[in-house]
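Chemist: Starting off with a structure, shown below.
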Amino acid sequence: MDDEPYVRQMIKSMINWKELSLELVGEFFNGEDAYKRIIEDGSIELVITDLRMPVMDGLVLIKEALAIRSELNFMVISAYDDFHLVKEAFMLGAKDYLLKSEMTEDHIYNTLSNLRLHDSKTSAAGLEFKPDTSSREAEPYSSGELMKENLLSRLAAGNIKASDIGTLQELLCKNEPKRLALTILKLNKMDIHAALPEASFKHEISEYLSHTEELLAPGSEVRYEIVQTSPYEYLILLLYSRKESDSSIMKHLKHVYDSFRPPGFNINLGLSRIASDFARLPELIHEARISTDYCFVAGNGSIIRYTAQLDETPPLEIDVMKQISMLKKLLNSILFDNGKADISKIMVVPGSVNASHIHAIMDLYMKYHFILIDFALQNGLHGEIRALSHEYEKHLKFYGDLNSLNKWLASVMSRVQARKGENSVINQVKHFVEENYTCDISLQSVALKFNINSSYLSRLFSETENTNFIDYLAHIRITKAIEFIKTSNLKIYEICEKVGYTSPEHFSRTFKKITGKSPKQFMDGRE
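For the sequence shown, the tail end lands on 1998 under the numbering used here, and the numbers increase by one without skipping.
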């Protein structure tokens, strides 16, 4: 369930539920209605829920539903800027997640497939955020270790209290003076089929950090803590000796970045500034996050060190409705008026972007994706739908940067231009009217035949034909009536029936409105 209709529509229409041995039993606008249905229907196995919904949000829904039915499987949907909520959802018992900006047909299908709902060991397929115990499997956690893991998780989630930072410092380094740096390591797929990193991946990161200590000052070592903040993202807190210089710390981190290349992935690395005061940890988290986000602008596979300039530009003001309106007008212009695929007004240029703009940009391109999918569906471009989705996923996750998304947008618009209205729904409707004008047809019956909303068809018809459907149908019928008058000896009532009118009075009124003459006047002057 989701309170955004286009998200629900995409999930419903783009997935072959039978192929997954699933039946879609309901959709809901808010969490409370969904909760009631879950309690009433014991056959429900899977719930796909947004985390932000009215009445009852997704986190409350997961908690309340699992308290009653612990066997339920939850998959959560999150916007890019709400991703911190995903971790909370996993802690409550969610099994997997979908980012709205990354939703494609294949991505949704593969995520659902990976849940293995009908396997008795379903829980093993879910994602869990747990401390890395690979190096101490036989040892139970001490209270100090548990507290440390808890504080690190809260630090990563951005909700650690100032009073807890001193406790964390004591647990990590016994209050010994250290130089601190925070990095966020984000994996971007080079291959869209690359599997999720396994639990041992944190250990691999540790190995690379440990084996490069020779780059530091003699006798010095680095201590680090790794927190997995999402399936593809890791926060790393590094503690260096006070004698280490900024240059040696950066040299150490850059060497790790340059040499660590997990198969199937590119790495983006965002670095905070280097500090000597634990009280600055929340500030360093912000800096590392901003730097990681900026990789979206700088290009996939970047290492970005925080500078104050990354924070200086105010959030980008994007009028989403205006941008979407321009996209729709451009699509109609290309498809029906032989316009050119000039995307300069709907495209965001990297040179105009700062790190604080990125969430708004990703949300905009996500909406572009949904609009393009809907446009393809509504205009008979059925063969293009899968290609659109594949291309979006490749450019977002394969390359993962703004330049790549602009290339995707340009390629899609060029593809639409190449079709020039071929098989468009309006052309199909016009052809249907021309072939069936003698029948009792209406806007509603034609919309039903083509499986589209009658209001949408009416608006689309008006936008593309500069007339409404009723007038277009009347024009076709009266044109045919004129042909009969000129080429046959049929009586007026016979012509009336032949062109689809059941009422001679209605036929006469429409005829005079279009030609300026009544059928009899036109017939009398036909010579």
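In this text, a Cβ means the ideal position worked out from N, Cα and C, and glycines have one as well.
Every value quoted in this text rests on a predicted model; they were computed, and no experiment measured them.
Would you give the residue range spanned by the beta strand (DSSP E) that Arg1650 belongs to?
Modeler: To locate residue 1650, count along the sequence shown from 1; it is residue 179. From DSSP, the beta strand (DSSP E) with Arg1650 extends over 1650-1660.
Chemist: So if DSSP puts Asp1521 in a beta bridge, which residue, or which two residues, is it bridged to?
Modeler: Position 50 of the sequence shown, counted from the first residue, corresponds to residue 1521. Ile1548.
Chemist: Please work out which residues of its chain come closer than 8 Å, Cβ to Cβ, to Ser1882, disregarding the five sequence neighbours upstream and downstream, and give them in chain order.
Modeler: Taking the sequence shown and counting its residues from 1, the one referred to as residue 1882 is at position 411. Taken in chain order, the residues that qualify are Glu1862.
Chemist: Which residue's Cα is closest to the Cα of His1946: Thr1981, Glu1498, Leu1626?
Modeler: On the sequence shown, position 475 is the one that residue 1946 refers to. Checked all of Thr1981, Glu1498, Leu1626; the closest Cα to His1946 is Thr1981.
Chemist: Under the rule that 16 or more other beta-carbon atoms within 10 Å means buried, what is Gln1780, buried or exposed?
Modeler: Position 309 of the sequence shown, counted from the first residue, corresponds to residue 1780. Flag for Gln1780 reads exposed.
Chemist: Can we say the stretch 1498-1517 touches the stretch 1530-1547, given the rule of at least three CB pairs closer than 8 Å?
Modeler: Yes, the stretch 1498-1517 touches the stretch 1530-1547.
Chemist: Spatial neighbours of Met1994 within its chain, please: CB distance less than 6 Å, with the 5 preceding and 5 following residues excluded, ordered by chain position.
Modeler: Within the sequence shown, the letter at position 523 stands for residue 1994. For Met1994, where only same-chain residues beyond five positions count, the Cβ hits under 6 Å are Ile1956.
Chemist: My guess is that Leu1570 and Ser1549 are in contact by the Cβ rule of under 8 Å, so how many angstroms apart are they, rounded?
Modeler: Position 99 of the sequence shown holds residue 1570. Position 78 of the sequence shown holds residue 1549. Sure, about 6 Å apart at Cβ, within 8 Å.
Chemist: Does the distance from the CB of Thr1897 to the CB of Leu1873 come in under 8 Å?
Modeler: Within the sequence shown, the letter at position 426 stands for residue 1897. Within the sequence shown, the letter at position 402 stands for residue 1873. Residue identity differs from the one stated: residue 1897 is Ile in this sequence, not Thr. Not a contact, by the Cβ cut-off of 8 Å.
Chemist: Count the other C-beta atoms from every protein chain shown that fall within 10 angstroms of the C-beta of Trp1879, then say buried if there are 16 or more, exposed otherwise.
Modeler: Here the question's residue 1879 lines up with position 408 in the sequence shown. Trp1879 should be labelled buried.
Chemist: Glu1965 lies in the alpha helix (DSSP H); which residues open and close that run?
Modeler: Taking the first residue of the sequence shown as 1, we reach residue 1965 at position 494. Here the alpha helix (DSSP H) through Glu1965 covers 1963-1969.
Chemist: Nearest CA to the CA of Asn1442: which residue from Leu1798, Ser1719, Lys1660, Glu1783?
Modeler: The question about residue 1442 has no answer here: the residues shown for the chain are numbered 1472 through 1998.
Chemist: Can you name, in chain order, every residue of its own chain whose Cβ lies under 6 Å from the Cβ of Ser1591, other than the five neighbours on each side?
Modeler: Residue mapping note: residue 1591 aligns to position 120 of the sequence shown, counting from 1. Below a pLDDT of 50, predicted positions are generally treated as unreliable, and Ser1591, at 34, falls in that range; the measurement from the model is reported next regardless. Answer for Ser1591: no residue qualifies.
Chemist: Please state the DSSP three-state secondary structure of Tyr1943.
Modeler: Residue 1943 sits at position 472 when you count from the first residue of the sequence shown. If DSSP states are grouped into helix, strand and coil, Tyr1943 belongs with the helices.
Chemist: In three-state DSSP terms, what is Ile1697?
Modeler: By one-based count along the sequence shown, residue 1697 stands at place 226. In this structure, Ile1697 counts as strand in the three-state DSSP scheme.
Chemist: So, are the CB atoms of Leu1530 and Leu1563 less than 8 Å apart?
Modeler: On the sequence shown, residue 1530 is found 59 positions in, with the first residue counted as 1. On the sequence shown, residue 1563 is found 92 positions in, with the first residue counted as 1. Going by C-beta atoms, Leu1530 is nearer than 8 Å to Leu1563.
Chemist: When DSSP labels each residue in this structure, what does Arg1980 get in the three-state scheme?
Modeler: The residue labelled residue 1980 in the question sits at position 509 within the sequence shown. In this structure, Arg1980 counts as helix in the three-state DSSP scheme.
Chemist: Look at the alpha carbon of Cys1453 and the alpha carbon of Tyr1964, and state the distance between them as a whole number of angstroms.
Modeler: Residue 1453 lies beyond the residue range present for the chain, which begins at 1472 and ends at 1998; the question has no answer from this structure.
Chemist: Does the count of Cβ pairs from the stretch 1789-1798 and the stretch 1835-1849 closer than 8 Å reach three?
Modeler: Yes: the two stretches touch, three or more of their Cβ pairs being nearer than 8 Å.
Chemist: Could you check which residue in Glu1516, Gly1735, Pro1525 has the C-alpha nearest to that of Ser1541?
Modeler: Stepping through the sequence shown from its first residue, residue 1541 is reached at position 70. Nearest of Glu1516, Gly1735, Pro1525 to Ser1541, Cα basis: Glu1516.
Chemist: Within the continuous alpha helix (DSSP H) that includes Asn1898, where are the two ends?
Modeler: One-based indexing of the sequence shown puts residue 1898 at position 427. Per DSSP, Asn1898 belongs to the alpha helix (DSSP H) from 1896-1907.
Chemist: Cβ atoms of Thr1654 and Leu1543: under 8 Å apart, would you say?
Modeler: Within the sequence shown, residue 1543 is the residue found at index 72, counting from 1. Within the sequence shown, residue 1654 is the residue found at index 183, counting from 1. No; because the gap between Cβ atoms is not below 8 Å, this pair is not in contact.
Chemist: Can you name, in chain order, every residue of its own chain whose Cβ lies under 6 Å from the Cβ of Val1820, other than the five neighbours on each side?
Modeler: Here residue 1820 is taken as the residue at index 349 of the sequence shown, counted from 1. There are no such residues.
Chemist: What residues in its chain sit with their C-beta under 6 Å from that of Asp1764, if we drop five residues either side in the sequence?
Modeler: Indexing the sequence shown from 1 puts residue 1764 at position 293. These residues qualify, in order along the chain: Ala1826, Ile1829.
Chemist: Looking at the structure shown, is Tyr1679 part of a helix, part of a strand, or coil, going by DSSP?
Modeler: Along the sequence shown, one-based indexing puts residue 1679 at 208. Helix.
Chemist: Should Tyr1908 and Val1824 be called a contact, given that it needs their Cβ atoms to be closer than 8 Å?
Modeler: One-based indexing of the sequence shown puts residue 1908 at position 437. One-based indexing of the sequence shown puts residue 1824 at position 353. Result no, Cβ atoms of Tyr1908 and Val1824 do not sit closer than 8 Å.
Chemist: Classify Gln1992: buried if its beta carbon has 16 or more other beta carbons within 10 angstroms, exposed otherwise.
Modeler: By 1-based counting over the sequence shown, the position of residue 1992 is 521. Burial call: exposed.
Chemist: So what's Gly1637 in DSSP terms, helix, strand or just coil?
Modeler: Translated into positions along the sequence shown, residue 1637 becomes position 166. Here Gly1637 sits in helix by DSSP.
Chemist: Identify the residues that DSSP records as bridge partners of Leu1742: which are they?
Modeler: For this step, residue 1742 is matched to residue 271 along the sequence shown. BP columns for Leu1742 point to Thr1654, Arg1776.
Chemist: Could you tell me how far apart the beta carbons of Ala1688 and Ser1712 are, in whole angstroms, since I believe they sit closer than 8 Å?
Modeler: Mapped onto the sequence shown, residue 1688 falls at position 217. Mapped onto the sequence shown, residue 1712 falls at position 241. Rounded, the Cβ-Cβ distance is 7 Å, consistent with contact.
Chemist: With 16 as the cutoff for other CB atoms within 10 Å, does Thr1700 come out buried or exposed?
Modeler: Residue numbering aside, residue 1700 sits at position 229 when the sequence shown is read from its first letter. Looking at its Cβ environment, which holds 16 or more other Cβ atoms inside 10 Å, Thr1700 is buried.
Chemist: Between Ile1775, Leu1686, Ile1697, Ser1691, which lies nearest to Leu1643 when the distance is taken from Cα to Cα?
Modeler: In the sequence shown, counting from the first residue as 1, residue 1643 sits at position 172. Selected option, being the one with the closest Cα: Ile1697.
Chemist: State the Cα-Cα distance for the pair Gly1615 and Leu1626, rounded to the nearest angstrom.
Modeler: Position 144 of the sequence shown holds residue 1615. Position 155 of the sequence shown holds residue 1626. Near 16 Å, if we compare the C-alpha coordinates of Leu1626 and Gly1615.
Chemist: Can you tell me the Cβ-Cβ gap for Met1884 and Ile1814, rounded? I've got them flagged as a contact below 8 Å.
Modeler: Mapped onto the sequence shown, residue 1884 falls at position 413. Mapped onto the sequence shown, residue 1814 falls at position 343. With a Cβ gap of about 5 Å, Met1884 and Ile1814 count as contacting.
Chemist: Short of 7 Å in beta carbon distance, which residues of its chain neighbour Ala1769, apart from the five on each side in sequence? Order them along the chain.
Modeler: Counting from one through the sequence shown, the residue named residue 1769 turns up at place 298. So the qualifying residues of the chain are Ile1775.
Chemist: Could you compute how far the alpha carbon of Phe1846 sits from the alpha carbon of Leu1752?
Modeler: One-based indexing of the sequence shown puts residue 1846 at position 375. One-based indexing of the sequence shown puts residue 1752 at position 281. Their backbone Cα atoms lie some 47 Å apart in a straight line.
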